[in-house]
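Numbering (the UniProt record's numbering), first residue to last: 1 to 157.
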């Protein structure tokens, strides 16, 4: 990751403000790049390549799907796996805390909704919100709020 400082400052002339900016950049880097993040990304790419080689369908679409999957996992900080046996269902897990849940798409007349069902709260049991322990349904418009709330709890855990 390259973070470019738009106003170069010579090391001899750092000010308290520039030191603060430098600390903020380091904080952002720590928040964005997990420990061994580049190694994990490399393993993810290798896994995508192996899967495409084994399946024999190394198409541009499967490569794009794999890259999208990796992007979604890195943005949310959780692992996703797709279960197509019962309609469309996602198993989602946060490896560090052990929190896991399933999101299932439920078709409805005039649209659909997501059904959330937790499997394990893991180490979040003490700080989990009440709704995290219940089966809930929500619209796609609520997805950003749903994942923001989960991310907030994961940061606390």
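Beta carbons are placed, not taken as given, at the ideal position from N, Cα and C, and that holds for glycine. These numbers come from a predicted model, not from an experiment.
The secondary-structure analysis by DSSP pairs residue 138 across a beta bridge with 114.
If you ignore the 5 residues before and after residue 90, its C-beta comes within less than 8 angstroms of the C-beta of 80, 81, 82, 83, 102, 103 and 104, all in its own chain and listed in chain order. Non-local beta-carbon contacts of residue 137 in its own chain, meaning distances under 8 angstroms to residues more than five positions away in sequence, involve 106, 113, 114, 115 and 116 in chain order.
By the neighbour-count criterion, in which 16 or more other beta carbons inside 10 Å mark a residue as buried, residue 119 falls on the exposed side.
In the displayed model, residue 133 falls within a helix according to three-state DSSP. Going by DSSP, residue 154 is part of no beta strand (DSSP E) but of the alpha helix (DSSP H) stretching over 143 to 156. Exposed is the label assigned to residue 141, since fewer than 16 other Cβ atoms lie within 10 Å of its Cβ. Here residue 72 is exposed. Its C-beta has fewer than 16 other C-beta atoms within 10 Å.
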